[in-house]
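Encoded as structure tokens, the structure appears first; notes follow it.
In the numbering used here, the protein residues as written are 7 to 586.
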């Protein structure tokens with residue numbers, strides 16, 4: 007191997023005794039047999055060059071690097087070419103100098119105290135170039151330059167977007183770049199992953215804090231107001247019906263003829279009997295109103311069950327995990343990133359803002375401009391405190407075989423197999439580096455609302471203990487206020503004051519009232535006893551006169567019959583005499 011783009015071949019003249027006829031020249035035939043360490047399959051394209059009998063040397067230029075050509079030289083006559091053995095001519099894998107572009111992204115690349123690039127990726131790629139490129143006859147080993155470029159452009163880019171735009175044939179390596187295995191980052195380039203990512207993170211607003219869970223619980227209970235409204239309307243109808251049917255039989259409890267107090271009394275009865283049997287202050291008396299009340303008892307149980315079912319459903323929905331998806335959701339992603347392309351592929355409502363940094367995306371997420379920040383997990387290294395401060399969390403990861411690596415372009419494209427082999431040999435170092443980053447990766451949210459609710463009522467949870475403290479403070483405040491009010495009222499009473507004479511009069515009045523009460527009770531008892539005796543006497547008199555009336559009735563009947571008979575006899579005698 008002499009160069010990456012040419013090889014040369016020389017030959018000696020053929021002895022005259024081995025020439026069959028007149029030697030007309032030499033014929034050189036070559037073809038590409040291996041490229042990038044892989045044998046060329048299928049029919050090979052052979053190139054044939056004829057030289058005169060005096061030419062003994064040939065140099066072929068503009069060849070592919072990291073290639074093996076099969077070369078043969080034979081003399082030819084009018085009868086054709088003679089037999090010739092094939093030799094292999096190799097080109098070097100890499101040029102002596104390879105040029106790289108990079109951008110600073112911790113922990114993969116950084117700037118040291120001398121303002122020179124450094125980092126794990128830089129060290130690994132420098133070793134990779136030496137191992138993968140090997141040696142060449144013109145130089146001992148290849149070197150990776152990252153402080154200067156072929157064209158004199160700045161090699162340290164400000165962002166990954168600028169780094170990707172700078173990929174061309176004059177740049178051999180570009181790193182670190184986030185991408186997916188097997189996906190082309192730029193034309194005529196190859197992407198290789200050094201460090202696999204845990205996945206693309208879906209960052210959302212943390213809705214599982216204790217305050218938010220309590221608010222959602224209250225809203226879940228208050229959201230049943232349509233059912234409550236219907237229940238109260240039905241209760242009002244039954245209340246009016248019970249009042250209307252019972253006002254004549256029970257005017258004391260259900261105001262008779264009152265169109266305001268009567269329906270209100272009926273509604274109060276239906277309201278308290280919706281979940282209980284009532285307080286006993288109201289009770290229908292008529293048969294029709296009692297029938298309405300029995301129907302209402304059953305209806306109230308059904309309505310109460312429906313209300314409880316709605317509340318339980320809302321609380322159950324609260325405790326279940328919320329599913330997040332990109333489809334039809336406001337999503338923020340870095341401009342020209344793989345995450346942005348994937349979000350568009352999933353029909354997300356991608357923000358029109360061209361984000362160039364993660365902080366601005368998280369700020370918009372906190373302000374509810376977007377609902378999801380779609381960014382690689384490794385890009386969030388060291389962002390745990392920021393997420394906690396803004397009450398944000400990683401809800402899930404999309405594992406789609408992505409990671410951070412480098413792009414090979416220009417003369418390094420052919421090194422894919424050797425580079426993959428080198429990366430495999432460094433798997434332990436790469437794994438150790440990945441392990442060192444684990445503590446900086448933000449935590450994935452694993453606690454759902456049900457766990458928060460359980461913690462609220464756990465005796466060991468801070469929320470439960472804080473609630474007890476606050477309730478205790480409120481009870482103490484109420485007790486202090488009650489004692490203060492009592493003290494103030496007693497002070498006011500003591501300020502009024504009374505003289506001794508008034509106190510004596512008050513004492514005499516109390517004694518007089520006490521004597522009057524005792525005398526009144528004694529007289530009342532005597533009157534009641536006398537009244538009972540008179541009631542017994544009255545009952546006896548009623549029975550006596552009732553019997554006497556019966557006897558008088560029989561005597562009068564007999565007397566009247568006798569008088570009637572006598573009257574008839576006298577009348578007949580008068581008529582008889584008159585006729586004579």
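The beta carbon of each residue, even a glycine, is placed where N, CA and C say it ideally should be.
C-beta contact flag for residue 71 and residue 10 at 7 Å: yes
DSSP has residue 65 in a bridge; who is on the other side? 14
Residues of its chain near residue 183, where Cβ-Cβ distance is below 8 Å and the 5 sequence neighbours each way are ignored: 166, 169, 170, 191, 197, 410, 411, 412, 413
Going by other Cβ atoms of all chains shown within 10 Å of its Cβ, with 16 needed for buried, is residue 239 buried or exposed? exposed
Decide yes or no for the touch test of the segment 372 to 381 against the segment 197 to 214: beta carbon pairs closer than 8 Å, at least 3 of them. yes
Jot down the residue ranges of each uninterrupted beta strand (DSSP E) in the segment 151 to 212, minimum 3 residues, whole runs only, in chain order. 179 to 186, 195 to 202, 206 to 211
Would you mind listing the alpha helix (DSSP H) stretches within the segment 495 to 531 that are 4+ residues and don't spill past its ends, in chain order? none
Smallest Cα separation from residue 143: which of 390, 524, 447, 100? 100
Give me the Cβ distance between residue 138 and residue 421, rounded to the nearest whole Å; I'm assuming they're in contact under 8 Å. 5 Å
Alpha-carbon spacing of residue 91 relative to residue 35, whole angstroms: 11 Å
Given this structure, state the Cα-to-Cα distance separating residue 438 from residue 226, to the nearest angstrom. 48 Å
Which value, in whole angstroms, describes the spacing of the CA atoms of residue 419 and residue 104? 12 Å
Mind checking who residue 41 pairs with in its DSSP beta bridge? 44, 73
Can you tell me whether DSSP reads residue 581 as helix, strand or coil? Residue placement at residue 581 is poorly supported in this model, since its pLDDT is 43, which falls under 50; the coordinates are not used for a value here.
In angstroms with no decimal places, state the Cα-to-Cα distance between residue 322 and residue 277. 28 Å
Thinking C-alpha only, which one of 429, 317, 293 is nearest residue 223? 317
Would you identify the three-state DSSP class for residue 105, choosing helix, strand or coil? strand
Based on the DSSP output, what are the partners of residue 429 in its beta bridges? According to DSSP, which records beta bridges pairwise, residue 429 is partnered with nothing at all.
Can you give me the C-alpha to C-alpha distance between residue 133 and residue 43, rounded to a whole angstrom? 20 Å
Apart from the five residues just before and just after residue 269, which ones in its own chain have a Cβ nearer than 8 Å to its Cβ? 242, 245, 246, 249
Sequence-distant residues of the same chain with beta carbon closer than 7 Å to residue 334, five excluded per side: 353, 355
Just to confirm before moving on: does the CB-CB distance between residue 376 and residue 336 stay below 7 Å? yes
Run through DSSP, which three-state label would residue 58 get? coil
Evaluate residue 135 with the Cβ neighbour count: other Cβ atoms within 10 Å of its Cβ, from every protein chain shown; 16 or more gives buried, anything less gives exposed. buried
By alpha-carbon positions, which one of 26, 539, 65 ends up nearest to residue 14? 65
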